[in-house]
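These notes concern the structure reproduced below.
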Amino acid sequence: MRFSSVDLEGQRALRESRSRAFFPESIHTSHCMPLPEKYGVGAMVLHWLMALLMLVLFGLGWYMTEFPKGNPVRTRFLELHVSLGLTAALLGIARVIWRLKHPPPASPETIERWKRRLAEATHHLLYLLMFVQPVSGYISSSFSGLRTRFWGIPLPDWTWKSTALHELFTSIHGFSSWALLALIVLHVLGALHHGTSSENSVLGRMLPSRR
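Basically our numbering = 1-based index in the sequence shown + 950.
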């Protein structure tokens, strides 16, 4: 079966539109609809809330390990850590839904192609690890034998006490946290590298407009 050039162009544009709707820094350009020059207010709020939560979660996660297991202070911090982590997962879901409904601005053409590809891959992995982190932490907590609570509300007790599974998911949680931290550092360095000096600034698109 042969396709006309118009059909092929339409299929390509549809694929690019779907790709850009989910991933923030897609390297493609669309011919179907004009894209915004900046992220919307909703995307900005979700982005910076997630950034703040990540900062608090990393700090709290490292700090609470200073206390021995079974210590009441560590237990309280662990409950707070789990609640914040699950909140981050919910915000991540909200962010994906928002992304599907509000396509982000295209990457500036002034940025080299390999850098745009690197930014796209980084965002793919960031989205993946933002779910692996809280889910692995929640499963680890569930297999510890303690009742998992979300802001004081007991969650369904669907697991059993298993030291092996608890340690397995704790390891996944730990390794993925370092991978997530490395990606966040790469993401921040990339944004700072392009700065806010030009109209096509990558960082400037995620900041409120100056009036």
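Where is the CB? At the ideal position from N, CA and C, for every residue including glycine.
Taking the Cα of H1073 as reference, the smallest distance to any Cα among G1154, L1157 and A1132 is reached at A1132. Take the alpha-carbon of L1139 and the one of W1110: they are about 42 Å apart.
Here A1114 is exposed. Its C-beta has fewer than 16 other C-beta atoms within 10 Å. Here P1158 carries a coil assignment [DSSP, helix/strand/coil]. Where F1081 is concerned, the enclosing alpha helix (DSSP H) starts and stops at R1063 to S1092. Residues of the same chain with a CB within less than 6 Å of the CB of V1023, apart from the 5 flanking positions on each side, are F1017 in chain order. Where H1031 is concerned, the enclosing alpha helix (DSSP H) starts and stops at P1022 to K1051. By the beta-carbon neighbour count (other beta carbons within 10 angstroms, threshold 16), V1032 is buried. Short of 6 Å from the beta carbon of H1143, and not among the five residues preceding or following it, lies no beta carbon of its own chain. L1050 is classed as exposed because its beta carbon has fewer than 16 other beta carbons within 10 Å across all chains shown.
Within the DSSP bridge table, the entry for P1104 names R1099 as partners. Between H1123 and F1093, the CB-CB gap reaches or exceeds 9 Å. Per the coordinates, the alpha-carbon of P1058 lies some 21 Å from the alpha-carbon of G992.
The distance from the Cβ of A1044 to that of L996 is about 6 Å, consistent with a contact at the 8 Å cut-off.
In this structure, the CA atom of M1014 is about 21 Å from the CA atom of I1103. Per DSSP, V1152 is not a residue of any alpha helix (DSSP H), being assigned neither H nor E. Counting C-beta atoms within 10 angstroms of its own C-beta, V1135 has fewer than 16 neighbours from the protein chains shown and is therefore classed as exposed.
Within the same chain, Cβ atoms closer than 8 Å to the Cβ of L1010 are found at F1027, L1030, H1031 and L1034, the five residues on either side in sequence being excluded. About 4 Å separates the beta carbon of L1130 from that of L1079, a gap short enough to meet the 8 Å contact definition.
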